[in-house]
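Protein chains in written order, with this note's numbering: chain H, 1 to 100; chain P, 101 to 273; chain B, 274 to 788; chain D, 789 to 1431. For glycine and all other residues, C-beta sits at the position ideal for the given N, C-alpha and C. From a predicted model like this one, the values you see are computed outputs, not experimental measurements. Taking it in order: structure first as structure tokens, then the write-up.
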Amino acid sequence: MIPLNYYLLFAAFLFSVGVVGVLIRRNAIIVFMCIELMLNSVNLTFIAFSAFMGNAIGQMFVFFVMTVAAAEAAVGLAIIIALFRNKKTINIDQINLLKW
Amino acid sequence: MTFEEIVFWSLVLVSGFAALMVVISRSPIASALYLILNFFCLAGLYLTLNAQFIAVVHIIVYAGAIMVLFLFVIMLLNLQDETKLRERMNWKSFAAIALSILFLIELFYIFIIKTPTPKIPIHPSSKEIGTVEYLGKILFTEFLFPFELTSILLIAAIIGAVVLAKKKFELTD
Amino acid sequence: MTFIDQYILSILTFSPIIGVIILFLFRVKNSISSKTIGLISSIITFAISIYIYSKFDLTQNAFQFVQANQLFIDLDIKYAVGIDGLSLILILLTTFLTPITILSAFKSIEKRVNEFIVMMLMLEVGMIGVFVSTDLFLFYIFWEAILIPMYFIIGIWGGQNRIYATIKFFIFTMAGSLLMLVAILWMGNYAVAQSIGKFSTDYLVLLEIAKSIPENVQLYLFLAFTISFAIKVPLFPLHTWLPDAHVEAPTAGSVILAGVLLKMGTYGLVRFSLPLFPMATIYFTPLFATLAVFGIIYGALVSLVQTDLKKLVAYSSVSHLGFVVLGIFAATEESIQGSILQMVNHGLSTGALFLLVGMIYERRHTREISDFGGLAKSIPIFSTFFMIVTLSSIGLPGLNGFVGEFLILVGSFNSSNLNSNWFTIFATSGVILSAVYMLWMFQRVIFGKIKNEANSKISDLSKREVAVLVPIIIFIIWIGVYPTTFLSISSNSTKKVVAYFEKNNQSQTMFLENK
Amino acid sequence: MVNYINYTSLILIFPLIGFLINGVFGSKLKSEKLIGSISVLGVSIPFFISSLILIQMLSSNIDERLYIVNLFSWIDVGSLKINVSYLIDELSIIMTLIVTGVGALIHIYAIGYMHGDKSFWRFFAYLNLFIFAMLNLVLADNFLLMFLGWEGVGLCSYLLIGFWYDRNFDKSTTADAAKKAFIVNRIGDFGFLIALFLIFTNFGSLEFVDVITQASVLQSGDELLTAITLLLFLGATGKSAQIPLFVWLPDAMAGPTPVSALIHAATMVTAGVYLLARTSAIFILAPFTMNVVAIIGITTAIFAGTIGLVQNDIKKVLAYSTISQLGYMFLACGVGAFSAAIFHLMTHAFFKALLFLAAGSVIHALHHEQDIYKMGGLKKYLPITFFTFLIAALAISGIPPLSGFFSKDEILYKAFSFGSFWYWFFGFIGAGLTTLYMMRLVYLTFYGNENFDDSIKPHESPKVMTIPLIVLAILSAIGGLIGIPHALGGTNYFEEFLEPVFKTSNSQLPFVFENITTEYLLMALSVAISICAIWYARNLFLQNLKKSELIKNKFSSAHNILVNKYFVDEFYEKIFINPIKKLSDSFLWKWFDIKIIDGLINNSAKFIQYLSSVLVKVQTGVTENYVQIFVLGVTLILLKIIL
């Protein structure tokens, strides 16, 4: 019997790995994948809670998170393509459009 | 060790390894493939939690659709391999890793030490919750409105993606 | 009550949007036709307001044409509208001035015409909204919403230094209204512990619970509200945004700014500050009355030495509105009635002054007084209008300014709240000063020999410009000769405010004595 | 029988209609005759109506001569209820007759005088507006409506002084003179307004009848009444050009001459006297104020008389003469002889209007020359003008049996019996001065050498101008006969007629035994001084002009002071006007407003800008940094939860 805490801890681990990825990688696509990783770790928590509490809302939430993730991936990748076309790079060090 | 535990630990190990490799590997394609591996393992974990429907959808949407999109973009852009991870490591990266580890420790503290492990099993009703029938029912009754809203979200995303990826689009400095 | 009557206030408030929609839908390219659309749309709004006036029951003092829709489940925040005499008279002023300003802009606005008309119409929505709201939350929304079109009107169609002026205008008003927001939230939250049992911003509810608010908190709340209104009025020494905003604003903007926006401040004082916090009003009356009187004299003296026509008129507004504020704080029936009438008067006469200054600016492209002189010879019609408006502004009996000023002064002389005649005596000296600065300016602009050749070549007012001014002149004389028409509109709501104020002030004077 | 009181509103409506027609359509009406006749009708019809009312009044009982005609409610707020309603009694009907009667004559005269002016219509529109306002002033039954008329006449005065707005006058312009008149009047109005506030606050009404009834209950010398009357008197000094607010009237001569005759001699300037007479019942209860009124009156009379002695502009001499005569009227009010004041007001309206009109005729003949040293010998060119001017001059000098004799004598006698010897004495000196400067005018203008330019061929004015002169001359000559005092075998009918109006105030006067001997003596003395003055003037200004030069040189410093009008204008300029301008400009505006208030705001904005320019460096624009900070934040928050 696996207690709930293990699932949560594992999700936390995945999340941390995702954070490290976002922080240390320069490639925008990999950063993006790390974000997906983090989203999935959250999904895992939802499912775990759902199962242990016997409540379907957690699963519903995962369902919507997936929709959002799909939308986000589509838009995000489009942005990456547009960026690459203009800057010839997807290295986030060299992208500082936010600077005012 | 019961069968259940063996399955759980092996899935955790593989999935954790895959996650690390996503971050570490030099080639984006390798990263993407490791991520797919990770997703499969997660789907397995979902099954251990009696969430059959979500597990299947997860594979279809993530591994099947999103990751294919990623691979497609990577190949489209024809990216070069990056330099070795170790060569690009600077104090900022170490700080980031340290921060993440601190973060993990904190969560560990909260999940394991602060909240003592309750020895409760998986809820008996979870078996029927995970079924397509049950989820479908509440999706089209209780969650109908948000469900319909997702269609708007997806349309917006499609239009957004098309507009952004169009050739004419230019970012101004 | 018919269906239309039930929703008439919402219809009135949002009727200018018709014009906006038409402008957007048909993408009108021709500047004249888009101005005409704006004009017609605002005239429709005016017609609706006249309809409301005809249906309005002057004998009642409660809110009429009430419509309320709950906006949140757990919070008592409503879309609640309703009018009494005080709001009605200002609504009429608003709907009357808007078509006039749009008509006045036919020639002067040439760039981004559609946007201009849209801004004017949206401004009208906001202004009417402020006067019809009976929920403080809604009031606050409209109050803030007005800033946006005004910001653009000054910022896009303004003069040389417009950006500075806009930002100053925006920050001043914003700073004030944030104070008000805090006070509204505090009161709404206070309602939770009262019999209503939930967060409430309903005016009538707050009026009930305001009595039980601890006294020292009332003082802070009063200050928060009143400072916010005082900035809008503007009361000395919070007035410095006004001359800048006026000088930079296009004519239409100046007219609306002087005509209606400033009145929102004084409206707020009568509607909220006095009835909600009678005790604090008494406590702070010496301060605000002193500021008002100081503003009267200060504004007049500073007007005296202005070299720019618009600036002169702007400073004269500070002086005129000092009278209004004095009248409100005197809190007698005569003085408050006078203040309300004076709000209308100031809207008409200062509005007309800005229009006239705008017309002469279009011809000569200067507003320096020293550039003019001898206009009576070259443009007699203009001079005649200018004279009537000037006289109205200095309060000549028989014209509108006098009735308002006299009521304010006689009422405040009588006032037990002011408790001293010196306020009125000093304020009355403003009557002398206003004659001095206005006539001196008038003489330098209109009389004398034509020194500058350019002044002899300018053309007199066109038919359109006469059409802009004549309605205002009619009202200027009407109010001067038979003010009863207008005084009777606000009579009952004034009585209510005064009665409420007096009822509350007895118990509270005791508190003050302890203090 | 028709009750003419019902037609009271017509008295006011006709001038208003005249104003509207001429004002709105005047520029389109080409015919001067049409414009003129509309305007004259606008004044003369009210004259006839009021004559009919007077006749009706005379035929009715003495106790029933007071009517109140209510038209509509003007202001009705709280306890303040003001009606547009008119009070018709003996006093107001006399004033109405003076205003409309003299007004009509001057209107007719003006048709000739203003002939050919490019703004002919505007002039008549203003004149009718003036008549309308003046009638409101005299007929009003409450203070506020009176104030409306009061300000209205001030406005018309302003407009008409500045009528030739592009001309120069003295050292400045006509527009300056107009502005000065309005503003000085406003200072008086300030007092008037405060008095109204006091009246309303204490009596709860502004209607004359109400207020007087309530006030007469109070004790004589009551502080409130003293305050009210002093303030009202301040208003009166403004309108009636008394010390210290007289400075505007000489400048008001910048207007066309008919205006000077109508507004600045016959009617408007007497409004102050009318105000005092109307509220006589209150004034009589404030002895302190009465003394002030008398002293100011007599001081002004002498003061203005001395200035008038040395002025060279024919109209300015007349203006100072007006101020001086008004001083007499206030003297009469101050000693409680209100009916004498009104009597003098009436006769003064006749002869002073005549003087101005005749002077206008001279000016007209000499192509706008106003300097009396550039006139002379006009007697043979302008016979009618000369003759009428002479009658008026003799009337104002108090030569019996012309009108001025009766009215002035009445005042001097009352000043002596109710007031003090000194009031009489100074009045007596003033009478001498009056004769002296009037005769100076007569001699320098109509006798002696012809000092005007050779190119000018003076000729008598047209009939439209001379007929009003003749009518006014007749009135000046015989107008006094309705007030022949008892001492001379008359019944003093005028005083008797006004008796009901001044009943209250008369009852407060000390009883003085009519000493006929004293009265005879005083009369003889004043006639004597006038005759002496005539002789002296003839000596000085006709036969021996060099002697006057000599006197001038001998007292050159005194002469200088007089020519410069005691430097009052300069004094006001230095003490009040310049400091206020300076204060407003360099202190209030450029320093306080811009540097302090605005500076405070702008500097706080600058400070915030500086702060943000420091803080903005945190925003690197590199996404990564934001993420790092974000993660750091999350970690710290979790840490907080744990600890």
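With a cut-off of 8 angstroms on Cβ pairs, the segment 586 to 606 of chain B is in contact with the segment 565 to 575 of chain B, counting three or more such pairs.
With a contact defined as Cβ atoms closer than 8 angstroms, Glu607 (chain B) and Leu868 (chain D) qualify at about 5 angstroms.
Listed in chain order, the alpha helix (DSSP H) runs fully inside the segment 834 to 904 of chain D are 878 to 901, counting runs of at least 4 residues. Secondary structure at Lys384 (chain B): coil, using DSSP grouped into helix, strand and coil.
Identification of chain B residues near Ile971 (chain D) by a Cβ-Cβ cut-off of 8 angstroms yields Ile705, Ala708, Val709, Leu712, ordered along the chain. Here the segment 645 to 659 of chain B does not lie against the segment 691 to 699 of chain B, with fewer than 3 beta-carbon pairs under 8 angstroms apart. Residue pairing of Asn956 (chain D) in beta bridges, as defined by DSSP: D:Thr961. No Cβ of chain B is located within less than 7 angstroms of the beta carbon of Ile1083 (chain D). A straight line joining the alpha-carbon of Phe759 (chain B) with that of Ile1272 (chain D) spans about 53 angstroms.
Taken atom to atom, the span from the alpha-carbon of Ile1016 (chain D) to that of Phe686 (chain B) is near 14 angstroms. For Gly684 (chain B), there is no enclosing beta strand (DSSP E); the residue is found in the alpha helix (DSSP H) stretching over 673 to 686.
For Leu496 (chain B) and Thr374 (chain B), the gap between their C-alpha atoms comes out near 34 angstroms.
Under the 7 angstroms criterion on CB atoms, Leu202 (chain P) is classed as interfacial with respect to chain D. Along the segment 1417 to 1429 of chain D, going in chain order, the ones with a CB nearer than 8 angstroms to a CB of chain P are Val1419, Leu1420, Val1422, Thr1423, Leu1426, Leu1427, Ile1429. Residues of chain B whose Cβ lies closer than 9 angstroms to the Cβ of Gly940 (chain D) are, in chain order, Leu669, Pro670, Gly671. Taking Tyr1062 (chain D) as the centre and dropping the five residues before and after it, the same chain places the C-beta of Met883, Val926 closer than 7 angstroms to its C-beta, in chain order. Interface annotation for the segment 139 to 168 of chain P against chain H: Phe139, Leu142, Leu145, Tyr146, Thr148, Leu149, Asn150, Ala151, Phe153, Ile154, Ala155, Val157, His158, Val161, Tyr162, Ala165, Ile166, Met167, criterion Cβ-Cβ distance under 9 angstroms. A residue is called buried once 16 or more other Cβ atoms fall within 10 Å of its Cβ, and Asn930 (chain D) is buried on that count. Per DSSP, Phe1206 (chain D) lies in no beta strand (DSSP E); the unbroken alpha helix (DSSP H) holding it starts and ends at 1191 to 1206. Taking a 10 Å sphere around the C-beta of Tyr540 (chain B), we find 16 or more other C-beta atoms and assign the residue as buried. For the pair of segments examined, the segment 939 to 952 of chain D was found to touch the segment 909 to 919 of chain D: the number of CB pairs separated by less than 8 angstroms reaches three. Chain H has no Cβ within less than 7 angstroms of the Cβ of Val1406 (chain D). Residues of chain P whose Cβ lies closer than 8 angstroms to the Cβ of Thr67 (chain H) are, in chain order, Thr250, Leu253, Leu254.
Annotated as proximal: Leu396 (chain B) and Pro422 (chain B), with beta-carbon spacing under 7 angstroms.
For Phe117 (chain P), there are no neighbours in chain H by C-beta distance under 9 angstroms, as the nearest C-beta there is about 10 angstroms away.
Leu113 (chain P) is outside the set of residues whose beta carbon lies under 7 angstroms from a beta carbon in chain D. Counted as a single uninterrupted DSSP element, the stretch harbouring Ala341 (chain B) is not any alpha helix (DSSP H) but the beta strand (DSSP E) occupying residues 337 to 343. Neighbours of Met33 (chain H) in chain P, taken as residues whose beta carbon is under 7 angstroms from its own, are Val122, Ser131, Ala132, Leu135, Phe170 in chain order.
Distance between Ile95 (chain H) and Leu626 (chain B), taken at the CA atoms: about 55 angstroms. Taking C-beta atoms as the reference points, Ala78 (chain H) and Ala261 (chain P) count as a pair closer than 7 angstroms. A straight line joining the alpha-carbon of Gly647 (chain B) with that of Gly1043 (chain D) spans about 17 angstroms. The three-state secondary structure of Tyr1169 (chain D), taken from DSSP, is coil. Under the three-pair Cβ rule at 8 angstroms, the segment 357 to 368 of chain B does not count as touching the segment 499 to 516 of chain B. By the CB criterion at 7 angstroms, Thr1176 (chain D) and Leu1142 (chain D) fall inside the cutoff. For Ile719 (chain B), the closest alpha carbon among the candidates B:Lys776, B:Asp644, B:Ile555, B:Ile457 is that of B:Asp644. By the Cβ-count criterion, Asn43 (chain H) is buried, with 16 or more other Cβ atoms from all chains shown falling within 10 Å of its own Cβ.
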